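A quick write-up on the structure given underneath.
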Amino acid sequence: MEPKLRMVLADQELLKFYEQMFLAREFEERCAEQYTKGNITGFLHLYSGQEAVAVGATAGLHHDDYILSAYREHAQAIVRGAKPKRVMAELFGKATGICKGKGGSMHLFDPAINFMGGYAIVGGQLPIAVGLAFAARYRGEDRITACFFGDGAVNQGTFHESLNWAQLWQLPVLFICENNFYGIGTEVHRSSALASIHRRTCGYDIPSEKVDGMDVIAIYKAVKHAAEKVRESGRPYFIEATTYRYRGHSMADPGKYRSSAEHDLWKTRDPLPNYAKRLIDEGITTREALDAIEARYKTLVDDAVKFAEESPWPEDSEVYNDIYV
Amino acid sequence: MAEMTYRDAINLALKEEMRHAPSVVVLGEDVALYEGSFKVTRGLLAEFGEERVRDTPISENTIIGVSIGAAMGGLRPVAELMTVNFALLAMDQIINHMAKIRSMFGGQTFLPMTVRMPGGGGSQLAAQHSQSLETYFMHCPGLRVLYPSTPADAKGLLKSAIRDNNPVIFLEHELLYNSKGQVPEDPEFLIPIGKAEIKRLGEQVTIVSYARMTVLALQAAEELEKEGISCEVVDLRSLAPLDEEAILGSVRKTGRVVVVEECWRNCGLGAEITSRIFEKCFDSLQAPVKRVSGLDVPMPYSRKIEKICIPDKESIAQAVRDVVSGRY
C-alpha cells in the first residue's frame, strides 16, 4: 500500500516534483527535435523515462551537497538549478552555453549550484566524487557528495576502486546507480556476473538498497534517508535505482536490441502520467491545473531554444582560453 | 645554501609547502607509514599527521581521480605514483580528466594539483620498470611537465608546481635521488615553470637535455673541453611548456645542436625539439641536428645490454664530435 502523498510532503513540494519531471521530459524531447534539425550535433544521450530519479534524488539532498553525473545529465543539471536556456545554448555549441560551448551535452558543469560535472568516460566521475568528499571533510564542510552513474559503470575498475576507497577513508559519498538495464545495447545480465547491482557492495561493506526508479516519491524518500545516514555517519551508502530509458542509448541508436513488448511494459510505468494520476486522485491538483503547468514549461523550453538559436557562436580565439589558469 | 641530495631537496620542498599552506596534502602508495618507496616522504607523517599524509590503496587511476576531486574541492593535493610506469594505469584520469576538466567545463574550475612520479632506467629493473614516458605527458594539452636535473632545481620547481593552479606532472629520476648539490634554504626560493637554464656556457655546440641526461651532458662537455670542443648545455627543466626561446637562442649562437633524450627516439621529445629548430632557425644551422636517444626497444634486464639502450657520457660526446667534424 503506497503512502498518501500528503504524508510525505506539502502540496507545493509534491507539485514541484511534477513540474521538474515535466520540464526534464520536455527539454529532452525538444533536444531530440533540435538534433533532427541539425542544431544539436555530436553525441546526445536523452533521459526520457528516468526523470523520477533525478527529481526525487535531488530533492533528497541539501543544496550544498555536491552532485556529479555521467553523460546523460541534462535533467540532473536542470533540476539542480542550471538555467535551461544556458544548457540548451551549450548543446547548440554557443558562446552563451553553460560551459561556453566547450563541453556540449556530455559535460555540463555549474559550480554555483554545486553541480560538479557530467563526465563521459564510463566510471570516470566516481574517483572524483570520492576526492570531493575528502576535500569537504578535510575542510570541515557539512556536505556530502552524490555520485550518479549507470549500470554500465559497475564493471569498471574505478567503480571498485572508488567504493573501496570511500569506505576505507570513511568518506561521505552517496553512490546512486541508475540501472536502466542496458549499457548501450548490452543488457545487465550479459555484462555483470551478479546482475543485482546493489548486492555488489558487500565486498566493501557498504550498505545498499534497491529502489523503484520510476517512482519519484520512493526515490525521494530513499535518497533523503540515505543522505541523512551518510551525513551522520560520514560513511558511504549505495542506492540502485531501477529505471528505463525510452529512447536509445544516444540519438544514433535506434534501440533494436529491446523488444516492443518490453518497451510497452515500461511505458505503463512512465513516472509522469502515473505521478500525475496520483496527484489528481489524492486531490492535490486537477488535470486543468497540470495542463497550465505543462503550458508554462513548454514556453520555458521554447524560450530556451530561441535563446540558443539567437546566441552567438564562440570566437575562434576562444580555443586557446581556459586551458591553463 | 646547504648541500643536500636530490631526494632530500624534494623532501624539503614538500615539507616547506605543507607548512606554507594547510590545503597541501600528500597521498600515494606507501607514502605515509613506509615513508615512500624511495624514501622521499620521510618524516612527513610524523610532522603533519595522518589526515594530511595518506597511504592509499594500489589504485593508480583512483589516486589521480581522488586528487582531482580534492583539488576541485579546494585542496592542493600532491599525489605520488610509485613510478611513472604505473601512471599508465592512471592515464584515463590523467589525460581524459585532469588535463581536460578546466577547458571542457568552460574555465569554471581549476585543478591546483601535482603528481610526482619517479622514473627512468638504468637499475636493471627490466621492461616494465625502466621507462621514460615524459613524451606521453608532453603530448597532451592541459598539463605542465617538469623534470629537474639538480637538487636545487628539484626543490625550486616542486615548490612552484605545488603553488601552481594547473595540474603538474613532476618527474623525478630514480638514479638522481642520491646526487648532491647546493640548495637554497630560503623557503621562498622558487624556480619559474617554463624556464630552461643554461647549465654550461659554450660556443661551438648546443646540447639540449633534461634530468639525468643533463648530468651526463655536463660530464661529456667537460671531457670535450679537453679536446678543444666548447659545448653549451641547455637544461630544459620544464618539458611543457618548453622554453623555446632558450633553445633557439643557444642554437643561433652555436649553429650546431645535439638533443639528448632518455626516452625512445620514435616520436620522442627530441623529434619535437629538432623540428622546432628546423622550422624556426634553419638558417642558423651549420650542421643537421643530431639526436642521442634511448633505443627503440623494450628495456632488457641484463646490465650488459641494458647499458647500450640508454645514452651515456660517451655516446653524447661522440655525437658532439660528429656534429663538429661534419660526420653526421
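In order, the protein sequences belong to chains A and Y.
Note that our numbering has the first sequence beginning at 5, numbered continuously upward.
Note that our numbering has the second sequence beginning at 86, numbered continuously upward.
Just so you know, even glycine gets a beta-carbon here, dropped at the ideal spot from N, CA and C.
Remember, it's a predicted structure, so these values are computed and weren't measured experimentally.
Among the residues facing chain A, Val151(Y) is included, as its CB has a counterpart in that chain under 8 Å away. Residue pairing of Met89(Y) in beta bridges, as defined by DSSP: Gly266(Y). Phe163(A) and Leu276(A) have their C-alpha atoms spaced approximately 31 Å apart. In the DSSP annotation of this structure, Leu256(Y) is not part of any alpha helix (DSSP H); the continuous beta strand (DSSP E) holding it starts and ends at Val253 to His258.
By the neighbour-count criterion, in which 16 or more other beta carbons inside 10 Å mark a residue as buried, Asn263(Y) falls on the exposed side. At a beta-carbon threshold of 8 Å, the residues of chain Y lying near Lys104(A) are Gly191 and Gly192, ordered along the chain. In the DSSP assignment, the residues bridged to Tyr241(A) are Leu178(A). Assigned with DSSP and collapsed to three states, Met202(Y) falls in strand. Residue environment for Ala131(Y): exposed (fewer than 16 other C-beta atoms within 10 angstroms of its C-beta).
Listed in chain order, the non-local C-beta contacts of Glu33(A) below 7 Å within the same chain comprise Ser52, local neighbours out to five positions each way being set aside. In this structure Met86(Y) is exposed. Its beta-carbon is surrounded by fewer than 16 other beta-carbon atoms within 10 angstroms. A straight-line Cα-Cα distance of about 5 Å links Pro385(Y) and Glu391(Y). Taken through DSSP and simplified to helix, strand or coil, Gly187(A) comes out as strand. When secondary structure is reduced to three states using DSSP, Glu357(Y) falls in the helix class. Put simply, the backbone Cα of Met25(A) is about 25 Å away from that of Ser212(A). Residue pairing for Glu135(Y): DSSP places it in no beta bridge. Interface criterion not met: the Cβ of Gly279(Y) is under 8 Å from no Cβ in chain A. C-alpha of Ala133(A) to C-alpha of Cys151(A): approximately 6 Å in a straight line. In the same chain as Lys265(Y), and ignoring 5 residues on each side of it, the C-beta atoms closer than 6 Å to its own belong to Glu88 and Thr90, in chain order. A buried status is given to Asp155(A), since no fewer than 16 other beta-carbon atoms sit within 10 Å of its beta-carbon.
Going by DSSP, Lys281(A) is part of the alpha helix (DSSP H) stretching over Pro275 to Asp285. Taking CB atoms only, Phe153(A) has no neighbour in chain Y less than 8 Å away. DSSP, reduced to helix, strand and coil, places Cys35(A) within a helical segment of the structure shown. A residue is called buried when at least 16 other Cβ atoms come within 10 angstroms of its Cβ; Gly46(A) does not meet this threshold and is exposed. Under a 10 Å Cβ-count criterion, Tyr301(A) is classified as buried, with 16 or more other Cβ atoms of the shown protein chains found around its own Cβ.
Here DSSP, grouped into helix, strand and coil, assigns Ile179(Y) to helix. Relative to Gln16(A), the option among Trp317(A), Asp320(A), Pro316(A) and Ile288(A) whose CA is nearest is Ile288(A). Each of Arg29(A), Leu19(A) and Gln129(A) was checked against the Cα of Arg249(A), and the nearest Cα belongs to Arg29(A). Look at Gly279(Y) here: in three-state DSSP terms it is coil, with no helix or strand label. Each of Val59(A), Cys35(A), Gly97(A) and Asn43(A) was checked against the Cα of Leu50(A), and the nearest Cα belongs to Cys35(A). Tyr142(A): member of the alpha helix (DSSP H) spanning Gln129 to Tyr142, first to last residue. If you check the CB distance, Val253(Y) and Thr199(Y) come in under 8 Å. For Ile149(Y) against Met183(Y), the beta-carbon gap comes to about 6 Å, under 8 Å, which counts as contact. Within the stretch 47-117 of chain A, the runs of alpha helix (DSSP H) that reach at least 4 residues and sit entirely inside it are, in chain order, 55-63, 78-84 and 88-96.
By the C-beta density criterion, Pro383(Y) is exposed, having fewer than 16 other C-beta atoms within 10 angstroms. Here DSSP, grouped into helix, strand and coil, assigns Thr299(Y) to helix.
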